[in-house]
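**Student:** What follows is a structure written as structure tokens; I'll ask about it next.
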Amino acid sequence: MSKHRIDVFVYGTLKRGERNHDRFCSGALRVSDATIRGRLYDLPFGFPALVVPAENILAIGTTDYLADTEKQRATVSEAKSSDPDTVYGELFTFDDALDRLPTLDGLEGFRPGESNLYRRVLIPVHADSGTQLAWAYAMEKPSGEHLPDGRWPR
4 MSKHRIDVFV YGTLKRGERN HDRFCSGALR VSDATIRGRL YDLPFGFPAL VVPAENILAI
64 GTTDYLADTE KQRATVSEAK SSDPDTVYGE LFTFDDALDR LPTLDGLEGF RPGESNLYRR
124 VLIPVHADSG TQLAWAYAME KPSGEHLPDG RWPR
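Using our numbering, read the sequence shown as starting at 4 and increasing by one per residue.
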């Protein structure tokens with residue numbers, strides 16, 4: 004199988020040192036600190052939720068993982084949101100998108116075309132290397148405590 008690169012922004016249990024990191028994020032080509040515009044919530048289930056302003060969502064993930072890797076290569080523009088919140092996380096680059104995306108989608112309970120807790124969305128991410136597009140898992144209406152400092156865990 005050929006290798007396809009994918010970038011994923013993580014902000015919760017997939018970050019380094021968190022409970023799902025070793026199982027789901029090992030083998031990354033690169034990891035860097037990163038931020039996005041949005042709101043972070045602490046859910047009562049032991050994990051966070053991200054809300055991304057609709058104007059910053061450039062695409063919703065599909066089961067055509069190859070096409071999703073190509074969408075990520077689009078021209079990057081700055082986040083359009085007037086949302087004052089910054090969410091802090093990590094940007095992972097993987098070279099196995101065709102295996103990695105279905106695995107991450109499974110963890111997050113994302114099934115394109117169905118009702119889901121999370122959606123995989125393509126958003127602008129700010130990292131040391133500049134602004135680029137990456138996939139992240141976001142909710143539309145979480146019921147949890149807003150974390151105005153944009154960091155999880157507290």
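Every residue gets a Cβ at the ideal spot worked out from N, C-alpha and C, and that includes glycine.
DSSP has P115 in a bridge; who is on the other side?
**Tutor:** Counting from one through the sequence shown, the residue named residue 115 turns up at place 112. Answer is none; P115 lacks a bridge partner.
**Student:** Beta-carbon within less than 6 Å of V34's beta-carbon, same chain only, minus the 5 sequence neighbours each way: which residues are those?
**Tutor:** Residue numbering aside, residue 34 sits at position 31 when the sequence shown is read from its first letter. Only E93 and F95 meet the Cβ criterion.
**Student:** In terms of residue numbering, what span does the alpha helix (DSSP H) encompassing E44 cover?
**Tutor:** Within the sequence shown, the letter at position 41 stands for residue 44. Here residue 44 is Tyr; the residue named in the question, Glu, does not match the sequence. Taken as a continuous stretch (DSSP letters only), Y44 belongs to no alpha helix (DSSP H), being part of the beta strand (DSSP E) at R42 to D45.
**Student:** Hey, P145 and A52 are a contact pair by Cβ (cut 8 Å); roughly how many whole angstroms apart?
**Tutor:** On the sequence shown, residue 145 is found 142 positions in, with the first residue counted as 1. On the sequence shown, residue 52 is found 49 positions in, with the first residue counted as 1. That pair is a contact at about 4 Å.
**Student:** Please look up how many angstroms separate the CB atoms of H7 and A100, rounded, as I've assumed it's under 8 Å.
**Tutor:** Numbered from 1 along the sequence shown, position 4 holds the residue referred to as residue 7. Numbered from 1 along the sequence shown, position 97 holds the residue referred to as residue 100. The Cβ separation is near 4 Å, so the contact holds.
**Student:** Assign G116 to buried or exposed, taking buried as 16 or more other Cβ atoms, counted over all protein chains shown, within 10 Å of its Cβ.
**Tutor:** In the sequence shown, the residue the question calls residue 116 occupies position 113. That one is exposed.
**Student:** Compute the beta-carbon to beta-carbon distance between W138 and Y14, rounded to the nearest angstrom, for a pair I have assumed lies under 8 Å.
**Tutor:** Within the sequence shown, residue 138 is the residue found at index 135, counting from 1. Within the sequence shown, residue 14 is the residue found at index 11, counting from 1. Their Cβ separation, rounded to whole angstroms, is 12 Å, which puts W138 and Y14 out of contact at 8 Å.
**Student:** Can you tell me whether F48 is buried or exposed? The criterion is at least 16 other CB atoms within 10 Å of its CB, across all chains shown.
**Tutor:** The sequence position of residue 48 within the sequence shown is 45, counting from 1. Exposed.
**Student:** If we require 3 or more residues per run, which beta strand (DSSP E) segments fall completely within the segment 18-77?
**Tutor:** Taking only runs of at least 3 residues, the beta strand (DSSP E) segments lying wholly in the segment 18-77 are 33-40, 42-45 and 51-54.
**Student:** Excluding the five sequence neighbours on either side, which residues of its own chain have a C-beta within less than 8 Å of the C-beta of L46, listed in chain order?
**Tutor:** As a first step, residue 46 is located in the sequence shown; it is residue number 43 there, counting from the start. Closer than 8 Å at Cβ, skipping near neighbours: A52, P145, S146 and G147.
**Student:** Please list the terminal residues of the continuous beta strand (DSSP E) segment that includes T134.
**Tutor:** Taking the sequence shown and counting its residues from 1, the one referred to as residue 134 is at position 131. It spans G133 to A141 - the beta strand (DSSP E) in which T134 sits, taken as one unbroken run.
**Student:** If you draw a straight line from the C-alpha of D36 to the C-alpha of Y91, how long is it?
**Tutor:** In the sequence shown, residue 36 corresponds to position 33, counting from 1. In the sequence shown, residue 91 corresponds to position 88, counting from 1. About 8 Å.
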